[in-house]
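Here the structure is laid out as structure tokens; the discussion comes afterwards.
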Amino acid sequence: MGTLITLPSSEKKLVKRCQRGNAEAQRELYERYAGEMLSVCRRYTASQEDAEEVLSNGFIKVFRKIDQYRGEGALGAWVRRIMVREALNFIRYQKNMFVEVEEERQAEFGQSNVQEHYDAEHLLRMINELPTGYRTVFNLYAIEGYTHKEIGELLQISENTSKSQLSKARRQLQEKLETYEVLYKKN
Amino acid sequence: MKDQHPIDSLFKRELEGHKSSPSPQVWEKVAAASQGSKTRFAPVLLRAATVTLLLSLTAMLYFNRNVEELSTIKPLETGAVSGTEQIEPVVSKSGEAGEAEEANEAGEAEQQIQPKANNARTNQGDAKAQSPRQKPVKQLRKPSPSKASNSLIPLMQVESPRPILVYQDLLTLPMDEQLEKGEPLYDTELIRVRVKNLPETRGYYGEEAPKKAALGEKLWAYANDQFDRALKGERLSLPETDNTELAIPLPDFVSRRLEKSKTK
């Protein structure tokens, strides 16, 4: 006689319940991803308030578009894509990102300049202090893994502009890291 | 895979799995919006049903307008041209090869091959009266009524004050060949003809005729438009059409009933 095995509630079941409009399932999905997604939103916005606004709007879209999720990729990656898009929309709505376009050679950084471990909150703050254009391109390229071509299409800018913004972002971050390191060592 | 810049790899490594705790107001906002979208669902369905009803009423409007026209149609007579009726063609034999002109004009084609039925309907007498060049014609036998009754399903009879152009479904009109040889075009006793009204405004300039949207696509576009209007809270509108002569064929049993009521 076969034994009955109860499977844990999988993402698929959670998605199906959300597609039926189950409020509990929506809450469960929110609880599962809200923390990680808020961190994503914070990287793109300048303040915690803006990040939370993007997060709430992003989750509203997630629940409205949950029927379109076919289960082909990880649910977390799908939610993350929506959040990134929502953050970009928010930035576009707020202001024009790219006022200054300047060709510049990529600065070279030595591996020794970078310390092994930093506090994530400090790193987030460094990103938040960057100008919007630098911050957006750096996030998309360095953390999300988009290419300059894809960034150009997403933000309606040229590839060279994307490269230039990334280079400037790296330079500013490098300076901030060095300052942080000095302060860290002093303390 | 691209080589990662040390700054990039540092930030990616440290921030990729990082989590922050959102304030409770975020979920409240999300939950309120989700509940709101549920309550809007019913009115949307109601509005969609309204659009469907409106479409049905529009169809009925056209239907009723055409009932008057259809009720005045004369009963089918021998030789009358109808949509899918099989009729007896009259094939002209022109022996004068020198007078053969290019057959790319529709009027010429009409003179060369013209169904007898068309002549009968327009009361223009026989084929000789139309063109002095035309010689006695070879007439194919008309099928017996018993044979025809099995295969003929007259759907609609259309009268038009404009000249009509007759196309053949079964045979392509040999435009390049000279028709003056007098060879019979058809070996079969029956041919099917399709009659098309060609309005004067139907002309176009170009290699291909402009494509018109199918009725289904038009209806779909109209329904979408009305749906968007309903969502915006705007007033619904009747479909716009430039074809004021749109006719919807009546079902056969309705046609027969109309005929009966008229004979009484």
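Protein sequence lines correspond, in order, to chains A and B. Numbering-wise, the first sequence is residues 1429 to 1615 according to my numbering. Numbering-wise, the second sequence is residues 41 to 304 according to my numbering. In this text, a Cβ means the ideal position worked out from N, Cα and C, and glycines have one as well. These figures come from a predicted structure and were not determined experimentally.
Are any of the Cβ atoms in chain A nearer than 8 Å to that of residue i?
i                      : result
residue 268 of chain B : no
residue 73 of chain B  : yes
residue 43 of chain B  : no
residue 52 of chain B  : yes
residue 62 of chain B  : yes
residue 294 of chain B : no
residue 56 of chain B  : yes
residue 66 of chain B  : yes
Quick check: what's the CA-CA separation for residue i versus residue j?
i                       : j                       : result
residue 1576 of chain A : residue 1473 of chain A : 20 Å
residue 263 of chain B  : residue 277 of chain B  : 11 Å
residue 1493 of chain A : residue 1593 of chain A : 32 Å
residue 72 of chain B   : residue 1467 of chain A : 23 Å
residue 1443 of chain A : residue 273 of chain B  : 32 Å
residue 1478 of chain A : residue 1555 of chain A : 14 Å
residue 1583 of chain A : residue 48 of chain B   : 20 Å
residue 1480 of chain A : residue 1456 of chain A : 18 Å
residue 1522 of chain A : residue 1516 of chain A : 10 Å
residue 1585 of chain A : residue 1447 of chain A : 36 Å
residue 1503 of chain A : residue 255 of chain B  : 41 Å
residue 291 of chain B  : residue 297 of chain B  : 10 Å
Specify, as a first and last residue, the run of the alpha helix (DSSP H) that residue i falls within.
i                       : result
residue 1441 of chain A : 1439-1447
residue 1503 of chain A : 1503-1522
residue 47 of chain B   : 46-55
residue 295 of chain B  : 292-303
residue 1476 of chain A : 1476-1492
residue 1579 of chain A : 1576-1583
residue 258 of chain B  : 255-272
residue 1570 of chain A : Per DSSP, residue 1570 of chain A belongs to no alpha helix (DSSP H) and is neither H nor E.
residue 1556 of chain A : 1548-1557
residue 1454 of chain A : 1451-1472
Tell whether a beta-carbon distance below 8 Å holds between residue i and residue j.
i                       : j                       : result
residue 1470 of chain A : residue 60 of chain B   : yes
residue 1483 of chain A : residue 55 of chain B   : no
residue 1587 of chain A : residue 1580 of chain A : yes
residue 39 of chain B   : residue 279 of chain B  : Absent from the structure is residue 39 of chain B, since the part of chain B shown begins at 41 and ends at 304.
residue 1445 of chain A : residue 1453 of chain A : yes
residue 1589 of chain A : residue 1519 of chain A : no
residue 1568 of chain A : residue 1600 of chain A : no
residue 74 of chain B   : residue 1491 of chain A : yes
residue 1499 of chain A : residue 1596 of chain A : no
residue 1458 of chain A : residue 67 of chain B   : yes
residue 64 of chain B   : residue 1462 of chain A : no
residue 1514 of chain A : residue 1485 of chain A : yes
residue 89 of chain B   : residue 267 of chain B  : no
residue 95 of chain B   : residue 259 of chain B  : yes
residue 1598 of chain A : residue 58 of chain B   : no
Under a CB-based cut-off of 8 Å, is residue i close to chain B?
i                       : result
residue 1585 of chain A : no
residue 1539 of chain A : Caution applies to residue 1539 of chain A, whose pLDDT of 46 falls short of 50 and renders its modelled position unreliable; the model cannot decide the point.
residue 1454 of chain A : yes
residue 1574 of chain A : no
residue 1552 of chain A : yes
residue 1520 of chain A : no
residue 1530 of chain A : The pLDDT assigned to residue 1530 of chain A is 45, lower than 50, so where the model puts this residue is not dependable, and the model offers no usable value.
residue 1571 of chain A : yes
residue 1505 of chain A : no
residue 1515 of chain A : no
residue 1608 of chain A : no
residue 1562 of chain A : no
The region 1576-1602 of chain A: positions lying closer than 7 Å to chain B by Cβ: 1598, 1601 and 1602
Residues of the region 1483-1501 of chain A whose Cβ lies closer than 8 Å to any Cβ of chain B, in chain order: 1483, 1484, 1487, 1488, 1491 and 1492
Near-chain B residues of the region 1459-1481 of chain A - C-beta to any C-beta below 7 Å: 1462, 1463, 1464, 1466, 1467, 1470, 1471 and 1480
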